[in-house]
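Residue numbers (UniProt numbering): 1 to 334.
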């Protein structure tokens, strides 16, 4: 996220604000900025007396203000980082008086995860005037693959589109979890390495052949044999391949196919833009649309709704998840 980079670059260039209010649904950037501040503003010998980490569940807003008003010892400034500050959501507005007149020898960092303060209230306006407000927004699933590619590029690595998609489908949209796996891959691979599905399979344990990405592709191509092999693998490993994820991803794919059928401009660039997919995957939708006319796509979407309901125990209490998937596959491919 460009805004997060700008905050870090400003600090590197000596522009340090008295308050950083880091809020929002995506904890990854909140942690990254707070960690950078903790590691880089003070020298190591200054941190003992002048750097403090507090936790929202253990302190009050008054405690935070009291600490923030202290003067640094044998240093130009002190750093106070308040983690899990969302635990103070009921009283956080009490910070407004301090935010209006912050101590300029203190750098106060508020980590307010999964929530955000009301932009209409005094605290937001006060912090925006005297410091930095950063909102960390959660990425949509179709944005995470691009984030993986950009993150690796900044570290002098690259990744194939299929490998990036495997990570998203296996790890979801938790950027922290994804970054942990990327760092593991970097430890065993020199800079300049292309991260491939094979590398992910060997080192993270995600099968390059038996996953939802390959299932979706096989169904789109009407490759019944391959699709059944993948479903059988899922049936034998239900904990690693929950039906709710498979149904959700297939629903997303067929919804996009429905959208594809309705596009007047089916050029590669427009399809990628409208469906919000990597241009590399456009051919999968071209093939899928040929094999599944609009009427069939609509009926498959209805089937996926039915399977989703059954998977939650409604009207199918004795059917295993594996059998539900096999039944669904037969109906889709019919």
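Glycine included, every Cβ here is placed at the ideal spot set by N, Cα and C.
Distance check for residue j and residue i, CA to CA, integer angstroms please.
i, j, result
"residue 133", "residue 144", "24 Å"
"residue 334", "residue 236", "24 Å"
"residue 44", "residue 1", "28 Å"
"residue 338", "residue 239", "An answer regarding residue 338 cannot be provided, because it is not within the stretch 1 to 334 covered by the chain."
"residue 156", "residue 42", "29 Å"
"residue 210", "residue 282", "21 Å"
"residue 66", "residue 139", "36 Å"
"residue 95", "residue 183", "37 Å"
"residue 89", "residue 179", "29 Å"
"residue 31", "residue 158", "24 Å"
"residue 153", "residue 146", "10 Å"
"residue 322", "residue 231", "7 Å"
"residue 75", "residue 39", "16 Å"
"residue 249", "residue 266", "23 Å"
"residue 310", "residue 244", "11 Å"
"residue 26", "residue 4", "12 Å"
"residue 22", "residue 172", "23 Å"
"residue 304", "residue 150", "33 Å"
"residue 216", "residue 277", "14 Å"
"residue 83", "residue 269", "43 Å"
"residue 168", "residue 79", "36 Å"
"residue 121", "residue 9", "29 Å"
"residue 164", "residue 14", "36 Å"
"residue 224", "residue 187", "39 Å"
"residue 111", "residue 50", "19 Å"
"residue 242", "residue 60", "42 Å"
"residue 162", "residue 124", "42 Å"
"residue 191", "residue 12", "24 Å"
"residue 199", "residue 170", "15 Å"
"residue 181", "residue 97", "42 Å"
"residue 71", "residue 142", "47 Å"
Tell me whether residue i sits in a helix, a strand or coil according to DSSP, three-state version.
i, result
"residue 130", "helix"
"residue 16", "coil"
"residue 158", "strand"
"residue 231", "helix"
"residue 329", "helix"
"residue 261", "helix"
"residue 237", "coil"
"residue 224", "helix"
"residue 166", "helix"
"residue 213", "helix"
"residue 174", "coil"
"residue 206", "coil"
"residue 138", "coil"
"residue 145", "helix"
"residue 268", "helix"
"residue 252", "helix"
Assuming contact is defined by CB atoms lying nearer than 7 Å, are residue i and residue j in contact in what I supplied?
i, j, result
"residue 85", "residue 56", "yes"
"residue 307", "residue 220", "no"
"residue 279", "residue 272", "yes"
"residue 260", "residue 285", "yes"
"residue 148", "residue 109", "no"
"residue 166", "residue 206", "yes"
"residue 246", "residue 291", "no"
"residue 103", "residue 69", "yes"
"residue 176", "residue 29", "no"
"residue 135", "residue 113", "no"
"residue 19", "residue 127", "yes"
"residue 77", "residue 107", "yes"
"residue 208", "residue 202", "no"
"residue 17", "residue 131", "yes"
"residue 33", "residue 64", "no"
"residue 319", "residue 254", "no"
"residue 258", "residue 314", "no"
"residue 263", "residue 256", "no"
"residue 227", "residue 329", "yes"
"residue 119", "residue 24", "no"
What are the partner residues of residue i, as DSSP defines its beta bridges?
i, result
"residue 245", "Answer is none; residue 245 lacks a bridge partner."
"residue 194", "158"
Does the Cβ of residue i lie closer than 6 Å to at least one heavy atom of the ligand ZN?
i, result
"residue 329", "Of the ligands one can find in the structure shown there are none, so the ligand ZN has no counterpart to examine."
7 Å is my cut-off, CB to CB: does residue i come that close to chain B?
i, result
"residue 281", "Structure shown: chain B not included; a single protein chain is present."
Note down, one range per segment and in chain order, each alpha helix (DSSP H) of at least 4 residues found wholly within the stretch 277-324. 282-291, 294-311
At 4 residues or longer, what runs of the alpha helix (DSSP H) sit wholly inside the UniProt domain "DNA polymerase III delta N-terminal" (20-135)? 27-40, 44-50, 61-68, 96-100, 122-130
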